[in-house]
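Student:
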């Protein structure tokens, strides 16, 4: 029944998915609530939910624009369900921002299939990954997808191989220049953090063990 319902892309499907996302968001807020209800609390929660909606419709746009799936709503449904499996991530604003920035990069990566503006797309995709890396260092791993896409879509040349590197370091150099101008050069050494911590205490929480 569920498979049949989401087998088409109709307004009622989108409404159902948004309603499901809203239910998951409210439930996550209740489960993870440990503060005091105030005006700022509601403003933050509304802002977070709007950002989640923007991400959701960005995913839908990328999927439709690049014809990644057939005419159905399975992608959005599975995306919301996966969010529901880890409710604590729904309230992580930093994670949502990184997710949205990387979506902008994915959009340019997928569009490499066409012959138009290849160099601009390579630069833009790596540029967004560079911004995401400033927020979360391990985002640098996504840069591999840019080179892989250039190879798979027959866009691989030595010049095209250099463009993503330039695009990736552009926002990083701009940010470092800003810190230097503001006499905050000590922060530069802390921009990248690739430390690994093998701690499993968090998995004692039922919030992780029972999605």
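Residue numbers (the working numbering): 231 to 441.
Here a beta-carbon is modelled for each residue, glycine too, at the ideal position from N, C-alpha and C.
Note that the structure is predicted; figures quoted are calculated from it, not measured.
1) Given a cut-off of 8 Å on the beta-carbon distance, is the pair residue 247 and residue 348 in contact?
2) Would you say the segment 252 to 270 touches the segment 290 to 309, given that touching needs at least three Cβ pairs under 8 Å?
3) Quick one: using the 10 Å Cβ neighbour count with 16 as the cut-off for buried, is residue 354 buried or exposed?
4) If I follow the unbroken alpha helix (DSSP H) through residue 366, where does it start and stop?
5) Give the DSSP-derived three-state secondary structure of residue 390 in the structure shown.
6) Out of 345, 330, 287, which one is the CA nearest neighbour of residue 383?
7) For residue 238, I'd like the list of residues in its chain whose CB is within less than 8 Å of its CB, leaving aside the five on either flank, ordered along the chain.
8) Less than 8 Å between C-beta atoms, sequence neighbours within five positions excluded: which residues of the same chain meet that for residue 330?
9) Any idea if residue 294 is buried or exposed, counting beta-carbon neighbours within 10 angstroms, 16 or more meaning buried?
10) Does the separation of the CB atoms of residue 366 and residue 296 fall below 8 Å?
11) Taking only the alpha-carbon atoms, compute the straight-line gap between residue 390 and residue 298 and give it to the nearest angstrom.
12) Measuring CB atoms only, is the segment 395 to 415 touching the segment 360 to 379, in the sense that at least three cross pairs come out at less than 8 Å?
13) Following the continuous alpha helix (DSSP H) through residue 290, name the residue where it begins and the one where it ends.
14) Return the Cβ separation of residue 290 and residue 306 in integer angstroms, given the expectation that the two are a contact with Cβ distance under 8 Å.
15) State the DSSP-derived secondary structure class of residue 240, mapped to helix, strand or coil.
16) Could you pull the start and end residues of the alpha helix (DSSP H) that residue 305 belongs to?
17) Starting from residue 328, trace the alpha helix (DSSP H) both ways and give me its first and last residue.
18) Using a threshold of 8 Å, state whether the C-beta atoms of residue 240 and residue 292 are closer than that.
Tutor: Let me spell this out:
1) Counting from 1 along the chain shown, the entry for residue 247 is found at position 17. Counting from 1 along the chain shown, the entry for residue 348 is found at position 118. Cβ atoms of residue 247 and residue 348: not closer than 8 Å.
2) no
3) If you number the chain shown from 1, residue 354 lands on position 124. By the neighbour-count rule (16 or more Cβ atoms within 10 Å), residue 354 is buried.
4) Along the chain shown, one-based indexing puts residue 366 at 136. Careful: residue 366 lies outside any alpha helix (DSSP H) and carries neither H nor E.
5) Translated into the one-based positions of the chain shown, residue 390 becomes position 160. Correct three-state label for residue 390: helix.
6) For the purposes of this step, residue 383 is taken as the residue at position 153 of the chain shown. Measuring from the Cα of residue 383, the nearest candidate turns out to be 345.
7) As a first step, residue 238 is located in the chain shown; it is residue number 8 there, counting from the start. Counting only residues of its own chain and dropping the five nearest sequence neighbours on each side, residue 238 has a CB closer than 8 Å to the CB of 301, 302, 303.
8) Position 100 of the chain shown, counting from 1, holds the residue named residue 330. Around residue 330: 281, 284, 285, 288.
9) By 1-based counting over the chain shown, the position of residue 294 is 64. Counting Cβ neighbours within 10 Å, residue 294 comes out exposed, since fewer than 16 surround it.
10) As a first step, residue 366 is located in the chain shown; it is residue number 136 there, counting from the start. As a first step, residue 296 is located in the chain shown; it is residue number 66 there, counting from the start. In this structure, residue 296 does not lie closer than 8 Å to residue 366 by Cβ.
11) Taking the first residue of the chain shown as position 1, residue 390 is located at position 160. Taking the first residue of the chain shown as position 1, residue 298 is located at position 68. C-alpha separation (whole angstroms): 24 Å.
12) yes
13) Translated into the one-based positions of the chain shown, residue 290 becomes position 60. From DSSP, the alpha helix (DSSP H) with residue 290 extends over 269 to 295.
14) Numbered from 1 along the chain shown, position 60 holds the residue referred to as residue 290. Numbered from 1 along the chain shown, position 76 holds the residue referred to as residue 306. That belief holds up - the Cβ atoms of residue 290 and residue 306 are roughly 6 Å apart, short of 8 Å.
15) Along the chain shown, read from residue 1 onward, the residue named residue 240 stands at position 10. Coil at residue 240, not helix or strand.
16) Here residue 305 is taken as the residue at index 75 of the chain shown, counted from 1. Residues 304 to 315.
17) Here residue 328 is taken as the residue at index 98 of the chain shown, counted from 1. Residue 328 -> alpha helix (DSSP H) spans 323 to 340.
18) Translated into the one-based positions of the chain shown, residue 240 becomes position 10. Translated into the one-based positions of the chain shown, residue 292 becomes position 62. The answer is no: Cβ separation not under 8 Å.
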